[in-house]
Amino acid sequence: DTGVSQNPRHKITKRGQNVTFRCDPISEHNRLYWYRQTLGQGPEFLTYFQNEAQLEKSRLLSDRFSAERPKGSFSTLEIQRTEQGDSAMYLCASSPPVRAGEKLFFGSGTQLSVL
Amino acid sequence: AQTVTQSQPEMSVQEAETVTLSCTYDTSENNYYLFWYKQPPSRQMILVIRQEAYKQQNATENRFSVNFQKAAKSFSLKISDSQLGDTAMYFCAFMNNQGGKLIFGQGTELSVKP
Chain A
1 DTGVSQNPRH KITKRGQNVT FRCDPISEHN RLYWYRQTLG QGPEFLTYFQ
51 NEAQLEKSRL LSDRFSAERP KGSFSTLEIQ RTEQGDSAMY LCASSPPVRA
101 GEKLFFGSGT QLSVL
Chain B
1001 AQTVTQSQPE MSVQEAETVT LSCTYDTSEN NYYLFWYKQP PSRQMILVIR
1051 QEAYKQQNAT ENRFSVNFQK AAKSFSLKIS DSQLGDTAMY FCAFMNNQGG
1101 KLIFGQGTEL SVKP
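Taken in sequence, the protein lines are chains A and B.
Read in order, the letters of the first sequence correspond to residues 1 to 115 in my numbering.
Read in order, the letters of the second sequence correspond to residues 1001 to 1114 in my numbering.
Here it is, written out as structure tokens:
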């Protein structure tokens, strides 16, 4: 069990640029989640996948955000035309294919700073 | 829609003492799951304890226990014999019976003082 891996750990970009983050879940975890967390707040749900299917998207996920999980393994989160308000920690989590109520395993996050 | 509220932004406790963190939630469902996660300065979210709503018995994990009051929709976390390593943000979270996403509260920043 190598844990949930997120890359990069930190990303600094200029407003208007596109950025892409990667998440590698724990192997054999079929559910994968993306959250956004600003300083001093709780994580806000963005979207989640079961295998390669994107099952739910938050209204927070504007048209500039897109997430993929093409082979049901790793996932990418892309933000187009970044804005300063996108500055946050982006957390990925995964959970195993068992009954409801299983805990989520979180990665260490990608800290995005938009200048 | 479900909501989770933590009304204590900050709390502090002396080492070896006991502290209770509050959490309330709102849902119309009967079966669901509740969690407490800890987020130290490293920002890694770590599960502290989990409660299944259909179980009346309060969950315990070593020094951590919960007081689950289903009718009041209250889910508080008690930390006994507080240790310096307990210093962290603590988040209460809700998951419905279909599984899927966790809904988090705003968090309580706990400081354990020597």
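Backbone N, C-alpha and C define an ideal beta-carbon position, used for all residues, glycine too.
Neighbour flag for residue i against chain A, beta carbons, 9 Å
{"i": "K1101(B)", "result": "yes"}
{"i": "G1085(B)", "result": "no"}
{"i": "A1093(B)", "result": "yes"}
{"i": "S1042(B)", "result": "yes"}
{"i": "M1045(B)", "result": "yes"}
{"i": "N1097(B)", "result": "yes"}
{"i": "V1004(B)", "result": "yes"}
Whether residue i touches residue j by CB criterion (9 Å)
{"i": "R22(A)", "j": "S95(A)", "result": "no"}
{"i": "V1048(B)", "j": "L1077(B)", "result": "yes"}
{"i": "F1068(B)", "j": "I1079(B)", "result": "no"}
{"i": "Q1006(B)", "j": "Q1106(B)", "result": "yes"}
{"i": "F1094(B)", "j": "W1036(B)", "result": "no"}
{"i": "L1110(B)", "j": "D1081(B)", "result": "no"}
{"i": "L55(A)", "j": "E44(A)", "result": "no"}
{"i": "C92(A)", "j": "G109(A)", "result": "yes"}
{"i": "S87(A)", "j": "L46(A)", "result": "no"}
Cβ neighbours of residue i in the same chain (closer than 7 Å, five flanking residues each side left out)
{"i": "P68(A)", "result": "The residue asked about is misnamed: residue 68(A) is Glu in this sequence, not Pro. S75, T76, listed in sequence order."}
{"i": "Q84(A)", "result": "R15, V114"}
{"i": "E1029(B)", "result": "N1096, N1097"}
{"i": "V1004(B)", "result": "C1023, Y1025, C1092, A1093, F1094, I1103, F1104, G1105"}
Contact with chain C by residue i, beta-carbon distance below 9 Å
{"i": "F1035(B)", "result": "Among the protein chains in the structure shown, which are A and B, there is no chain C."}
Nonlocal neighbours in the same chain, by C-beta distance under 6 Å from residue i, ignoring five residues either side
{"i": "Y1032(B)", "result": "A1053, N1096, N1097"}
{"i": "T1060(B)", "result": "none"}
{"i": "E1010(B)", "result": "E1109"}
{"i": "M1089(B)", "result": "Q1039, G1107, E1109"}
{"i": "Q1014(B)", "result": "K1113"}
{"i": "N116(A)", "result": "The displayed coordinates of chain A run from 1 to 115. Any statement about residue 116(A) would go beyond what the structure contains."}
Chain B within 9 Å of residue i, Cβ atoms only
{"i": "G40(A)", "result": "yes"}
{"i": "S95(A)", "result": "yes"}
{"i": "K11(A)", "result": "no"}
{"i": "F106(A)", "result": "yes"}
Cβ-based neighbour list, residue i, same chain, cut-off 8 Å, excluding 5 preceding and 5 following
{"i": "V19(A)", "result": "K11, T13, E78, I79, T82, L112"}
Residues of the segment 1048-1078 of chain B in Cβ contact with chain A at a cutoff of 8 Å, in chain order, please.
Here the close residues are R1050, E1052.
Taking only beta carbons into account, state which residues of the segment 1008-1034 of chain B come closer than 7 Å to chain A, listed in chain order.
For chain A, the residues of the segment 1008-1034 of chain B that bring a beta carbon within less than 7 Å of one of its beta carbons are Y1033, in chain order.
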